[in-house]
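Going by the numbering used here, the first residue of the sequence shown is number 5, and it counts up by one from there. By construction, the Cβ of each residue, glycine as well, lies at the ideal position given by its N, Cα and C atoms. Every value quoted in this text rests on a predicted model; they were computed, and no experiment measured them. Input: a single structure, listed below in structure tokens.
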Amino acid sequence: THHQSSQDMLRNIEILKENMAKWEKELKTLKARVKVSKATQQVNKQLAQLDTNGTIAMLERMKDKVEDQEALSKAYGEIAHSKNDLKDELNKILKDDTLSIESDLIAIKNKLGMGQNPEN
Numbered sequence: 005t006h007h008q009s010s011q012d013m014l015r016n017i018e019i020l021k022e023n024m025a026k027w028e029k030e031l032k033t034l035k036a037r038v039k040v041s042k043a044t045q046q047v048n049k050q051l052a053q054l055d056t057n058g059t060i061a062m063l064e065r066m067k068d069k070v071e072d073q074e075a076l077s078k079a080y081g082e083i084a085h086s087k088n089d090l091k092d093e094l095n096k097i098l099k100d101d102t103l104s105i106e107s108d109l110i111a112i113k114n115k116l117g118m119g120q121n122p123e124n
């Protein structure tokens, strides 16, 4: 019986060791699951706090600013080009009008009989 008791005790110790090993494995698994769960929770929390509308609105504002700058640049180019065109047009008109005015003045003087007058 003493021998039997010792055998039973050894068997119980082995069972306890096996159970302890299982529990340690289970504890490690649970710890790993907790870490994964916390990491997932943190990622999901950050994603939930992400303001996608704010980001999209910011991008739209940036896009509008770029388009405004491009339009302003184009407008300056058109103004510079139109100034040159306007200057050329004014020079052309002045040349044509000067000739026209002088020829009109000569025609009027001729009608009035002043065209041949050396004093004029």
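DSSP on Gly117, reduced to helix/strand/coil? As a position in the sequence shown, residue 117 is number 113, starting the count at 1. Gly117 falls in the coil class under three-state DSSP.
Checklist entry - Cα separation between Leu51 and Val38? => result Numbered from its first residue, the sequence shown carries residue 51 at position 47. Numbered from its first residue, the sequence shown carries residue 38 at position 34. So the two alpha carbons sit approximately 20 Å from each other.
Exercise for review: Express the C-alpha separation of Gln73 and Gln46 in angstroms, rounding to a whole number.
Suggested key: The residue labelled residue 46 in the question sits at position 42 within the sequence shown. The residue labelled residue 73 in the question sits at position 69 within the sequence shown. Each residue's alpha carbon lies about 41 Å from the other.
_By the DSSP assignment, the alpha helix (DSSP H) with Thr148 in it spans what residues?_
Missing from the structure shown is residue 148; the chain here goes from 5 to 124 and no further.
> In whole angstroms, what is the alpha-carbon distance linking Ala36 and Asp12?
Replying inline: Position 32 of the sequence shown, counting from 1, holds the residue named residue 36. Position 8 of the sequence shown, counting from 1, holds the residue named residue 12. Near 36 Å, if we compare the C-alpha coordinates of Asp12 and Ala36.
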